[in-house]
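The opening position of the sequence shown corresponds to residue 1 in the UniProt record's numbering, with each subsequent residue numbered one higher.
Ideal placement from N, C-alpha and C gives every residue a C-beta, glycine not left out.
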Amino acid sequence: MRIGAHVDPAAPLEEATARGAEAVQFFLTDPQGYKSPKPREDAEALRASEVDVYIHAPYIVNVASPNNRIRIPSRKLLVAHAKAAAELGAKGLIVHGGHVGKGADLAAGFDNWRKAFEYAENDGGLPLPILIENTAGGDNACARRFDDLARLWDAVGSFGAGFCLDTCHAYAGGEDLVGIVDRVKAITGRIDLIHANDSKGGFDSGQDRHDNLGSGKIDPDLIVAAIRAAGAPAVVETPGGAEGQTADIALLRERTGR
């Protein structure tokens, strides 16, 4: 049960040291752009480090979209980031569940997710786990409500998809954190990573606004309980730089007995 933080990509191992983190998560490119990742000079150091590495795909990736101009580049970007992440020895590539937009058929989004995995298989396969993350909002989102998540898993579960549980997204998305691990595992069979975030927005607000643990609307004990129940590594994506995240990591370690 390793605990870490989402950090600036320039020097992730230095950022890990500054926070006493056992894991780091970072972007390989602009999270709002379609650029493919370039080789990193620190690739060997990242592979050799005892710090676990997770890569977050750009926010712009939306393989569920019915819009060809979004969906097709998203598929290509997903594969490119998966290959680049594997070169760094990453444990997984986190990808938001995506959405189909207002008025569109959500079933098409699930089918597009299936096609994204098929596309990857035809391109030589995915070299590391794809961890689909639940989202706080979005028009016709594929992974906000857990009844929709179940439909998504019917489409992608057979491809070995993993799951990343974001506590802020769940709370702001309208899912009770009490007993959440059991409910997720009943759908996915697994939780590979937890994004341990408090929420500035209220319950079911649809607001993706992270806060430091104990500073937002979520009882920190509920986040701790989810980490314990899942037995999965946790990454804080909270504000405040090294100081704020160090305090969040310390809180999680103290309350989980880590």
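Problem set entry | Helix, strand or coil at cysteine 168 [DSSP, three-state] | As a first step, residue 168 is located in the sequence shown; it is residue number 168 there, counting from the start. If DSSP states are grouped into helix, strand and coil, cysteine 168 belongs with the helices.
For this session: Using the DSSP secondary-structure output, state which residues sit across from aspartate 211 in a beta bridge.
Result: On the sequence shown, position 211 is the one that residue 211 refers to. BP columns for aspartate 211 point to Asp198.
Problem set entry | Nearest residue (CA-CA) to lysine 122, options Val181, Arg71, Val79, Leu46 | For this step, residue 122 is matched to residue 122 along the sequence shown. Going by the sequence as given, residue 122 is asparagine instead of lysine. Of the candidates Val181, Arg71, Val79, Leu46, the one whose C-alpha sits nearest the C-alpha of asparagine 122 is Val79.
Exercise. With which residues is aspartate 52 paired in a DSSP beta bridge?
Worked result: For the purposes of this step, residue 52 is taken as residue 52 along the sequence shown, with counting starting at 1. BP columns for aspartate 52 point to Ala23.
Exercise. If we call anything under 8 Å between Cβ atoms a contact, is arginine 19 one with isoleucine 223?
Worked result: As a position in the sequence shown, residue 19 is number 19, starting the count at 1. As a position in the sequence shown, residue 223 is number 223, starting the count at 1. Taking 8 Å as the Cβ cut-off, arginine 19 and isoleucine 223 do not qualify as a contacting pair.
For this session: Go ahead and pull the three-state DSSP assignment for glutamate 237.
Result: Start at 1 with the first residue of the sequence shown, and residue 237 comes out as number 237. Coil at glutamate 237, not helix or strand.
Exercise. Roughly how many angstroms separate the alpha carbons of aspartate 208 and glycine 257, rounded to a whole number?
Worked result: Residue 208 sits at position 208 when you count from the first residue of the sequence shown. Residue 257 sits at position 257 when you count from the first residue of the sequence shown. Between aspartate 208 and glycine 257, the C-alpha separation is close to 29 Å.
Exercise. Beta carbon of aspartate 192, beta carbon of glycine 92: below 8 Å?
Worked result: Working through the sequence shown from its first residue, we reach residue 192 at position 192. Working through the sequence shown from its first residue, we reach residue 92 at position 92. A contact, by the Cβ cut-off of 8 Å.
For this session: List the endpoints of the continuous beta strand (DSSP E) containing glutamate 133.
Result: The sequence position of residue 133 within the sequence shown is 133, counting from 1. Run containing glutamate 133: 130 to 133, per the beta strand (DSSP E) assignment.
Exercise. Taking contact to mean at least 3 C-beta pairs separated by less than 8 Å, is the stretch 101 to 120 in contact with the stretch 39 to 58?
Worked result: no
Exercise. Would DSSP call alanine 203 helix, strand or coil?
Worked result: Numbered from 1 along the sequence shown, position 203 holds the residue referred to as residue 203. Reading the sequence as shown, one finds phenylalanine at residue 203 and not alanine. Coil, per DSSP.
Exercise. Run through DSSP, which three-state label would glutamate 11 get?
Worked result: Residue 11 sits at position 11 when you count from the first residue of the sequence shown. Looking at the sequence itself, residue 11 is alanine, so the reference to glutamate does not match. In this structure, alanine 11 counts as coil in the three-state DSSP scheme.
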